[in-house]
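In my numbering, the protein residues as written are 206 to 316.
Here it is in structure tokens:
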């Protein structure tokens, strides 16, 4: 993938993630406000589950946003397309599938 295409895709994804994260934060705040409302004991468990789901979604969005931000930084410093672990080239097909890929597929499987 050429760097300009990668930059465009990553920048667009970054904006989408920021929007989704904002929506997730609003949803979490609404769930927390609802959990604080007076109700009976049976109402508290579903609210807690909603809060936990909101937190998990927000955490996943933050992780992806961080990965996209790091990929944009690699584009800026000229290391995009190379594994951050070994320096080996990341195959084009992998970068097409995930422009924020930091490792080769083999390295990602190794953990």
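We put the CB at the ideal spot given by N, CA and C, even for glycine.
All values derive from a computational prediction rather than experimental measurement.
- One Cα belongs to residue 316, the other to residue 308, and the distance between them is close to 10 Å.
- Nearest Cα to residue 208 within the set 313, 254, 305: 305.
- One thing to note: residue 206 has its Cβ within 8 Å of the Cβ of residue 300.
- Burial state of residue 267 is exposed, judged by a 10 Å Cβ sphere holding fewer than 16 other Cβ atoms.
- Going by DSSP, residue 303 is part of no alpha helix (DSSP H) at all; its letter is neither H nor E.
- In terms of CA proximity to residue 292, 312 leads the group 275, 312, 219.
- DSSP places residue 287 within a strand segment (E or B) once states are collapsed to three.
- For residue 310, the enclosing alpha helix (DSSP H) begins and ends at 310-315.
- A distance of 8 Å or more separates the beta carbons of residue 228 and residue 273.
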